[in-house]
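Taking it in order: structure first as structure tokens, then the write-up.
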Ligand code: NDP
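Below is the structure:
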């Protein structure tokens with residue numbers, strides 16, 4: 001498969017370019033508005049061509065698929081441009097700034113007959129798949145609650161638009177809550193009904209929240225609490241699922257790497273849970289390529305991206321209003 005990149009980004013350089021190449025794919029160009037910086041980026045990463053806009057890139061050299069990893073406010077227009085050029089799209093989360101935009105992207109892809117996926121990598125992790133399988137098999141009985149501990153420290157090289165630019169889609173809610181929403185949906189197979197939340201600026205955020213805690217109601221009655229932050233240096237990440245027959249404790253699994261540990265605790269005692277340590281991004285792109293070839297669905301579809309965005313937007317509205325907010329996808 002031949003890819004074009006929309007955005008000369010960190011995630012593309014650190015994870016996605018190596019993934020595309022590891023799977024035998026080619027990179028045709030990068031479309032970036034950052035001029036000399038983008039040319040240096042292309043040279044450093046052996047990308048053959050640089051274009052100032054996605055439209056000029058697509059016109060100069062058609063590609064099979066476009067990977068969108070620009071700042072969040074650009075995803076919508078870039079996805080529509082790629083789709084109208086007949087390219088399949090793998091888009092970073094959050095899909096867009098608004099639900100209407102995200103719905104428009106997914107509808108345009110469906111109308112054009114191209115594959116559209118959301119790059120929610122966590123559901124590709126062996127750890128998350130093991131948790132999901134245990135929950136589905138009834139290992140912990142009826143799920144009573146889920147606790148998502150995803151308060152991390154944003155490394156200095158990423159402390160740009162994420163912490164000070166609401167217009168670019170900054171803030172911890174569009175950055176991390178959106179992943180946690182996808183994770184809970186993936187693990188439980190149901191969508192939050194409503195949420196309450198409090199956010200805060202605990203040291204990094206300027207004009208956007210850098211921390212948030214929220215509580216979600218699920219249709220099954222399970223309660224979810226989620227904590228996301230950019231300012232917690234030593235908290236570590238964890239997922240806990242508590243049920244009528246047992247509890248699952250997963251530590252260090254809210255990450256880009258195939259690491260962490262899981263323990264199942266029941267009346268029989270404590271037992272470690274083994275899981276695959278395959279590369280999360282390889283798995284996501286492998287499933288995307290299979291979907292393009294007509295085999296199955298991407299790991300996270302466009303609809304999944306709409307749903308995770310809907311939860312994140314509801315959490316933000318709840319934090320700002322202080323009210324309980326219904327999660328509406330409109331999809
Ligand atoms: P970066 O900040 O590294 O890059 C985003 C854009 O900012 C680039 O595309 C570029 O614009 C511009 N830019 C980057 N560096 C500079 C600079 N030094 N000077 C001027 N402009 C610069 O973003 P990330 O890689 O951290 O995130 C990109 C997207 O990927 C976001 O949507 C994010 O939510 C998502 N993401 C997803 C992850 C996942 O695991 N699924 C992990 C990390 C991020 P231009 O578009 O013009 O090239």
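Residue numbers (this note's numbering): 1 to 331. We put the beta carbon where it would ideally sit given N, CA and C, even for glycine. The model shown is predicted, which means the values in this text are computed figures rather than measured ones.
Taking the C-alpha atoms as reference points, what is the distance between residue 83 and residue 271?
As a working note, residue 83 is residue 83 in the chain shown. As a working note, residue 271 is residue 271 in the chain shown. Approximately 47 Å between the Cα atoms of the pair.
Apply the 10 Å Cβ neighbour rule to residue 245 and answer buried if 16 or more other Cβ atoms are within range, or exposed otherwise.
Against the chain shown, residue 245 aligns to sequence position 245. The residue in question, residue 245, is exposed, as its Cβ has fewer than 16 Cβ neighbours within 10 Å.
Along the alpha helix (DSSP H) that carries residue 123, what are the first and last residues, could you check?
Counting from 1 along the chain shown, the entry for residue 123 is found at position 123. Here residue 123 belongs to no alpha helix (DSSP H), and DSSP marks it neither H nor E.
Pull up the distance between the alpha-carbon of residue 247 and that of residue 144, whole angstroms please.
On the chain shown, position 247 is the one that residue 247 refers to. On the chain shown, position 144 is the one that residue 144 refers to. Those two C-alpha atoms are separated by around 10 Å.
Is residue 96 close to the ligand NDP? I mean its beta-carbon at under 8 Å from any heavy atom of the ligand.
As a first step, residue 96 must be located in the chain shown, where it is residue number 96. Answer for residue 96: no, Cβ out of range of the ligand NDP.
In terms of residues, what are the limits of the alpha helix (DSSP H) holding residue 285?
By 1-based counting over the chain shown, the position of residue 285 is 285. Segment 280 to 292, the alpha helix (DSSP H) holding residue 285.
With three or more C-beta pairs closer than 8 Å as the rule, is the region 234 to 243 touching the region 67 to 86?
no
Whole beta strand (DSSP E) runs in the region 142 to 213 with 3 or more residues, listed along the chain?
Listed in chain order, the complete beta strand (DSSP E) runs (minimum 3 residues) inside the region 142 to 213 are 143 to 151 and 194 to 200.
With 16 as the cutoff for other CB atoms within 10 Å, does residue 186 come out buried or exposed?
Here residue 186 refers to the residue found at position 186 when the chain shown is read from its first residue. So residue 186 counts as buried.
Answer yes or no: do residue 182 and residue 300 have a C-beta to C-beta separation smaller than 9 Å?
Stepping through the chain shown from its first residue, residue 182 is reached at position 182. Stepping through the chain shown from its first residue, residue 300 is reached at position 300. A contact, by the Cβ cut-off of 9 Å.
Would you check whether the ligand MN has a heavy atom nearer than 8 Å to the C-beta of residue 37?
Absent from the structure shown: the ligand MN. Ligands present: the ligand NDP.
Taking the continuous beta strand (DSSP E) assigned at residue 140, which residues delimit it?
As a working mapping, residue 140 is identified with position 140 in the chain shown. Looking at the DSSP string, residue 140 is not in any beta strand (DSSP E), and its letter there is neither H nor E.
Whole-angstrom distance between residue 67 and residue 90, CA atom to CA atom
As a position in the chain shown, residue 90 is number 90, starting the count at 1. As a position in the chain shown, residue 67 is number 67, starting the count at 1. So the two alpha carbons sit approximately 5 Å from each other.
Below 9 Å between beta carbons: does that hold for residue 253 and residue 263?
In the chain shown, counting from the first residue as 1, residue 253 sits at position 253. In the chain shown, counting from the first residue as 1, residue 263 sits at position 263. No.
Are the CB atoms of residue 208 and residue 257 nearer to each other than 9 Å?
Taking the chain shown and counting its residues from 1, the one referred to as residue 208 is at position 208. Taking the chain shown and counting its residues from 1, the one referred to as residue 257 is at position 257. Taking 9 Å as the Cβ cut-off, residue 208 and residue 257 do not qualify as a contacting pair.
Which residue from 319, 276 and 80 puts its Cα closest to that of residue 124?
Taking the first residue of the chain shown as position 1, residue 124 is located at position 124. Comparing Cα positions, the closest option is 276.
Rounded Cβ spacing between residue 70 and residue 16 (contact assumed at less than 8 Å)
Residue mapping note: residue 70 aligns to position 70 of the chain shown, counting from 1. Residue mapping note: residue 16 aligns to position 16 of the chain shown, counting from 1. Residue 70 to residue 16, Cβ: 13 Å. No contact.
With a threshold of 8 Å (Cβ to nearest heavy atom), would residue 70 be considered close to the ligand NDP?
The residue labelled residue 70 in the question sits at position 70 within the chain shown. Residue 70 Cβ: within cutoff of the ligand NDP.
Can you round the beta-carbon distance between residue 151 and residue 242 to whole angstroms, since I take them to be within the 8 Å contact cut?
The residue given as residue 151 occupies position 151 in the chain shown. The residue given as residue 242 occupies position 242 in the chain shown. Residue 151 to residue 242, Cβ: 19 Å. No contact.
Cβ of residue 276 within 8 Å of any heavy atom in the ligand NDP?
Mapped onto the chain shown, residue 276 falls at position 276. No, the Cβ of residue 276 stays beyond 8 Å of every heavy atom of the ligand NDP.
Strand pairing of residue 116, partner residues [DSSP]
Working through the chain shown from its first residue, we reach residue 116 at position 116. Answer by DSSP bridge pairing, in chain order: 89.
Select from 126, 49, 283 and 315 the residue whose C-alpha is nearest the C-alpha of residue 227.
Residue 227 sits at position 227 when you count from the first residue of the chain shown. Relative to residue 227, the option among 126, 49, 283 and 315 whose CA is nearest is 315.
Can you tell me where the alpha helix (DSSP H) with residue 272 in it begins and where it stops?
To locate residue 272, count along the chain shown from 1; it is residue 272. Counting along the chain, residue 272 falls outside any alpha helix (DSSP H), though it belongs to the beta strand (DSSP E) covering 269 to 272.
Could you give the distance in angstroms between the alpha-carbon of residue 278 and the alpha-carbon of residue 126?
By one-based count along the chain shown, residue 278 stands at place 278. By one-based count along the chain shown, residue 126 stands at place 126. C-alpha separation (whole angstroms): 7 Å.
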